[in-house]
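Visitor:
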Amino acid sequence: MDNLPPVVRECIAAGVGCSIADGSLNALEVTKVKLQLDSIKSPIYPRYPPSLIRQVVAEDGMWRGLMEPGLGATILRGCTYVAFRIGLYSSVRDAITRGRPTTFSDQLLAGAVTGGIGSMLFCPIDVVRVRQQSDAGTVSKSTGLMKTGLRKGKIPRHKQTLSAFGEIVRSEGALGLYKGAQFTIARAALLSASQLASYESLKGASREMLNLEKESTPLHLVCALTSGLIAQTCIMPFDTARSYFMAAESPTFSSLIALCQKEGAFNWAYRGYAAACARQGPIMLFQLPLIEKLRELLGVGYL
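Numbering (UniProt numbering), first residue to last: 1 to 303.
(1) Along the chain, where does the alpha helix (DSSP H) containing P282 start, and where does it finish?
(2) Between A73 and the rest of its own chain, which residues show a CB-CB distance below 7 Å, the 5 nearest in sequence each way excluded?
(3) With DSSP as the reference, please indicate the residues paired to M146 in a beta bridge.
(4) To the nearest angstrom, how far is it from the Cα of G299 to the Cα of A275?
(5) By how many angstroms is the C-alpha of Y45 removed from the C-alpha of A231?
(6) Closer than 6 Å by C-beta to E263: which residues in its own chain qualify, once you throw out the five before and the five after it? Chain order, please.
(7) Is Q36 buried or exposed, if buried means 16 or more other CB atoms sit within 10 Å of its CB?
(8) If distances are taken between C-alpha atoms only, which option among A174, L221, S201 and T233 comes closest to L191?
(9) When DSSP labels each residue in this structure, what does P6 get in the three-state scheme?
(10) Between the alpha carbons of S105 and G153, how many angstroms are there, rounded?
(11) Are V16 and L288 closer than 8 Å when you measure CB to CB?
(12) I'd like to know whether the C-beta atoms of R112 and R93 end up nearer to each other than 8 Å.
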């Protein structure tokens, strides 16, 4: 590993750390997607995550209903998009500052650049993941139709992660892989900017206030959790809109506006917020500290 360029090692640390963290907690992402896409007026599931989880486990089992849907796409996303977004953050930030002291706006810009470009490149993986997660449920052996889940009574769409890309292109054209891309890119830029900038700034402020000579795992845990909750609050409306555009069969801006008017813009935009925070908290407690440890092991230092 020592013969690899530092930026490659940074991307490896980010990709491996995220794949382990996100893959382990994929069930929470599935829960969030179900809450985002369920109807408020005539819901299939309860509005509270613990109640939803209990219903899904009773109907489909823990593995089939929550842990397995979109798992392959989640791991693939970690190895590509997050490796790019977090792995290149330090290099882009240093290119922006050119040796001068780093400011919060520099951190925001670096995060927005890596997040936005990374999302633009790897948006198709997000489309496949959201669709597989929205299709979570049990298929009837006699009819081949979904008998539970958000798409009850419909044909399941994409059973295998890698074949899903070709299936979408054949049925919807290449642009089908970029459904909701505008929301995905905006979400990614805002997520990366708010998460990484707040994380790095919180670490610096904490070290200064507490007179810490060096960074430690407890510092990483506290700053990671706080930055994750900040980021999720910022991106939630884009997150919900992205899930809608990626999962719906014929989404339009008109239908999106109609949904907001029908259900209330704030209620619609922040549906699944509790589940998203419940997911983001554990993931941040796991993901960024793990990435920091891997960066240390690979000899590239902390973020």
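Don't be surprised by glycine CBs; every beta carbon is placed ideally from N, CA and C. Nothing here was measured: the structure is a model prediction, and the numbers come from that model.
Guide: Working from what's here:
(1) Y273 to L297
(2) I125, V128, R129, Q132 and T161
(3) V139
(4) 36 Å
(5) 26 Å
(6) I40
(7) buried
(8) T233
(9) helix
(10) 49 Å
(11) no
(12) As written in the sequence, residue 112 is Ala, which differs from the Arg given in the question. Taking 8 Å as the Cβ cut-off, A112 and R93 do not qualify as a contacting pair.
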